[in-house]
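Structure record follows, encoded as structure tokens.
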Amino acid sequence: MSAERIQSAIDRQDIHDCLLRFCRGMDRFDRDLYLSAFHADAEIAAGPYVGDVQGCWDWAKPMHESGQLLTHHLLLNHHVDIDGDTAHSECYYQFVARNHPWEEGGDETVMLAGGRYIDRLERRCGAWKIALRTNIIEWSCLQPSLPPPFGDIPD
Numbered sequence: 144m145s146a147e148r149i150q151s152a153i154d155r156q157d158i159h160d161c162l163l164r165f166c167r168g169m170d171r172f173d174r175d176l177y178l179s180a181f182h183a184d185a186e187i188a189a190g191p192y193v194g195d196v197q198g199c200w201d202w203a204k205p206m207h208e209s210g211q212l213l214t215h216h217l218l219l220n221h222h223v224d225i226d227g228d229t230a231h232s233e234c235y236y237q238f239v240a241r242n243h244p245w246e247e248g249g250d251e252t253v254m255l256a257g258g259r260y261i262d263r264l265e266r267r268c269g270a271w272k273i274a275l276r277t278n279i280i281e282w283s284c285l286q287p288s289l290p291p292p293f294g295d296i297p298d
């Protein structure tokens, strides 16, 4: 295997790890982990929010905390083109959220959504991070929640 192919595999894994840091940071409400996926000067367009990544965190965190008990950001098909220290990535995602009841005495719901993250990543100081992200939401639905399987069995 050539050195170029090995470096390409390493770069692709580093980029995928970067995308996973974003997901885990959002799901665990871990601001530092979330921000570690982005360059400090990165910009993001996510739903109605367009701006810097710190502002996106400040917008998204209270919304998730007040509306949801938990979230899962799942990465699916991923394509990346690497050209030197710049990469363009398209990654399909699925978002799942267990929501608080909307009204007193109401039932929990589950939100499902899917779309694509369109990213420009840059390698700076040896680290791949997102420089520009567009979140394209392509579908969503709201379902009633069921109790977690085996939830009544003690640990």
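Count along the sequence shown from 1, add 143, and you get the number used in my numbering. Glycine is no exception: its CB is placed at the ideal position from the N, C-alpha and C atoms.
DSSP places M206 in the helix class (H, G or I) of the three-state scheme.
In this structure, the straight-line span from the alpha carbon of Q286 to that of A183 is close to 37 Å. Per DSSP, the continuous beta strand (DSSP E) segment holding A183 begins and ends at F181 to A189.
The C-alpha of R267 lies about 7 Å from the C-alpha of D228. For G168, no beta strand (DSSP E) run applies; the uninterrupted alpha helix (DSSP H) run containing it begins and ends at A146 to D170, by DSSP. Judged by their CB atoms, S283 and G249 are not nearer to each other than the 9 Å cut-off. D295 sits in coil when the DSSP states are folded into three classes, being neither helix nor strand.
In the structure shown, the three-state DSSP call for W200 is helix.
Using a 10 angstroms sphere on the CB of A240, the tally of other CB atoms reaches 16 or more, which defines it as buried.
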